[in-house]
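Position one of the sequence shown corresponds to residue 795 (the working numbering), numbered consecutively onward.
The C-beta atom is built at its ideal place from N, Cα and C for all residues, glycine as well.
As the structure is a prediction and not an experimental result, all values here were calculated from the model.
Let me begin by presenting the structure, written as structure tokens, before commenting on it.
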Amino acid sequence: MVAYIDGGSRGNPGPAGYGVRIEDKDGTLVEELHGALGVATNNVAEYHGLVAALTWAADHELRALKIRSDSELLVKQMLGVYRVKNPGLQPLYQRARSLVSRIGRVGFQHVRRELNTEADRLANKAMDEAGQPEMKN
795 MVAYIDGGSR
805 GNPGPAGYGV
815 RIEDKDGTLV
825 EELHGALGVA
835 TNNVAEYHGL
845 VAALTWAADH
855 ELRALKIRSD
865 SELLVKQMLG
875 VYRVKNPGLQ
885 PLYQRARSLV
895 SRIGRVGFQH
905 VRRELNTEAD
915 RLANKAMDEA
925 GQPEMKN
């Protein structure tokens, strides 16, 4: 399985959201996930996308997953090339590491933004939702 992940915010910080598109090896859509995060930074949103994808994989008892992201920072941090210095990212990084160990084989690949359009679409959908005022009952 392959998970394309993305996250973003309108303003940094600003209304934020993540998107995840999970595909089979042949590119067939398996699942789409997205979530509004309220106000957060781009990097926090990217990590929420990663955690959502890894949680889905662990819940479906996958033993191998490839993560594709247009966030070079996230990919290099997960590969151990960069340290996670930002205190706001550290708990999300630790959660992701824990989920990776549950799954087993997880690969990380940086992709150009134009190869991540579906996850970006889902993240924008979530940001639209994050920017909406709460409904009053």
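Closest in alpha carbon position to L893, among L831, P881, Y841, N910, is Y841.
Residue R862 holds the alpha-carbon nearest to the alpha-carbon of A847 among A834, N837, R862.
At least 9 Å separates the beta-carbon of R857 from that of G813. Nearest C-alpha to Y798 among E825, V833, R891, L883: E825.
Partner residues in the beta bridge of R815, as assigned by DSSP, are Y798, E826. Going by beta carbons, N837 and G801 fall inside the 9 Å limit. G821 and L916 have their C-alpha atoms spaced approximately 17 Å apart.
Contact between A830 and A920 holds: CB atoms are separated by about 5 Å, below the 8 Å threshold. Shortest Cα-Cα distance from S895 to any of P881, V845, E912, V878 involves V845. Collapsing the DSSP output to three states places V833 in a strand. Residue pairing of R862 in beta bridges, as defined by DSSP: Y798, Q903.
For E912, the enclosing alpha helix (DSSP H) stretches over residues 911-924. Within the model, the alpha-carbon separation for G925 versus T835 is close to 14 Å.
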